[in-house]
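Take our numbering: the final residue in the sequence shown is number 362, and no numbers are missing along the way. Written below as structure tokens is the structure these notes are about.
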Amino acid sequence: MWRPFFQPYHLIIVQDGDPSKKINVPEGFDYELYNRNDINRILGPKASCISFKDSACRCFGYMVSKKKYIFTIDDDCFVAKDPSGKEINALAQHIKNLLSPSTPFFFNTLYDPYREGADFVRGYPFSLREGAPTAVSHGLWLNIPDYDAPTQLVKPSERNTRFVDAVLTIPKKTLFPMCGMNLAFNRELIGPAMYFGLMGDGQPIGRYDDMWAGWCVKVICDHLGWGVKTGLPYIWHSKASNPFVNLKKEYKGIFWQEELIPFFQAAVLPKECETVQQCYIELSKQVKEKLGGLDPYFTKLSEAMVTWIEAWDELNPSKGLANGGA
């Protein structure tokens, strides 16, 4: 179980759904618990940017946290074991990933050159061996894979049993499907871009909250010269969600993503954008301009992106440092 791994850390629990239902947190944890009433009280009218009855509400926790590193996990994820049978300390591996540099500008065929027993291979430019700051550590899952509804329906019994002992930096100008069930990031670097969008209750789409955040984050990291890693650590994903319910949530997103991916691939941020907030506001303008015609939802989402940044800045006033210098 997570107790020995979570107990040394501060927990933020964001309750998804009916705020009148009481969540019982076991004794011995240092935690804050927020429900919808708390979100409305703290953010006021700006609470409209936080999704309701959807896991996307977790990003409120990112906003109110004061910690440098954030680890976010789903409630159906548990401690995994490595091939030797040893329990995996996911937090320790995520922190290791975030504290060591990334290599987004040139691919190292031995993967992470900063791991013990590895290095830069012959032909790797010496001018790039210092690496780049790591903003995101994207972990993986054993047992139930993170599939979309059509793939779930085609492969209902498929399980991921492969443990790959590797950490990769995702190359610059390459997007990826970010999953929020086992994810860590440097809040001081990329926190304001970790907005999980408008999903769930009252919205035409669900299950794309982490994907949306991942696309935005990757474009901004590429612009600011930061890295994103994927691979270790693994967690144990215990439960498959209902594929028919998922299909209803994902239906529009499955079609929209064929337009969204080219949009993010082509997105260019001007050099004047030097902080995450500036980058995100610029991206929101491009979303409104170029995706608003796809569906009115994207105009609404672009406005929520601006509201998110305004709320973030209100709760996290600047200390006079440029975000890029954190």
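For glycine and all other residues, C-beta sits at the position ideal for the given N, C-alpha and C.
Do residue i and residue j have their C-beta atoms closer together than 8 Å?
i: Asp182; j: Lys89; result: no
i: Cys252; j: Leu319; result: yes
i: Phe96; j: Tyr70; result: yes
i: Phe232; j: Ser87; result: yes
i: Ala168; j: Trp262; result: yes
i: Gln43; j: Gly64; result: yes
i: Asn125; j: Phe41; result: yes
i: Pro332; j: Lys288; result: no
i: Arg223; j: Ser138; result: no
i: Lys117; j: Glu123; result: yes
i: Gln301; j: Leu211; result: yes
To the nearest angstrom, how far is the alpha carbon of residue i from that of residue j?
i: Gly159; j: Arg151; result: 19 Å
i: Pro279; j: Leu234; result: 21 Å
i: Val200; j: Asp110; result: 21 Å
i: Cys93; j: Arg77; result: 15 Å
i: Ser277; j: Val172; result: 26 Å
i: Tyr270; j: Ser338; result: 33 Å
i: Phe283; j: Arg243; result: Checking the sequence, you will find Leu at residue 283 rather than Phe. About 10 Å.
i: Leu327; j: Val255; result: 16 Å
i: Ser84; j: Pro161; result: 48 Å
i: Trp344; j: Asp54; result: 22 Å
i: Asp155; j: Leu164; result: 13 Å
i: Gln414; j: Phe143; result: The chain is shown from 37 up to 362; residue 414 falls before or after that span and cannot be answered.
Name the DSSP beta bridge partners of residue i, please?
i: His46; result: Asp66
i: Lys173; result: Here residue 173 turns out to be Ser, not Lys, going by the sequence shown. Answer is Ala220, Lys265.
i: Val203; result: Gly267
i: Ala168; result: Ser138
i: Tyr105; result: Asn222
i: Trp272; result: Phe114, Leu178
Write down the C-beta distance between residue i and residue j rounded to the nearest angstrom, noting that I regard them as a contact closer than 8 Å.
i: Asn179; j: Arg195; result: 6 Å
i: Met217; j: His174; result: Actually they do not touch by this definition, with Cβ atoms about 10 Å apart.
i: Glu229; j: Val312; result: Looking at the sequence shown, residue 229 is not Glu but Ala. Right, their Cβ atoms sit about 5 Å apart.
i: Val61; j: Asp148; result: With 8 Å as the limit, Val61 and Asp148 do not qualify as a contact, their Cβ atoms being about 35 Å apart.
i: Thr266; j: Ile206; result: 6 Å
By a C-beta neighbour count over all protein chains shown, 10 Å radius and 16 as the cutoff for buried, is residue i buried or exposed?
i: Tyr98; result: buried
i: His24; result: The chain is shown from 37 up to 362; residue 24 falls before or after that span and cannot be answered.
i: Ile75; result: buried
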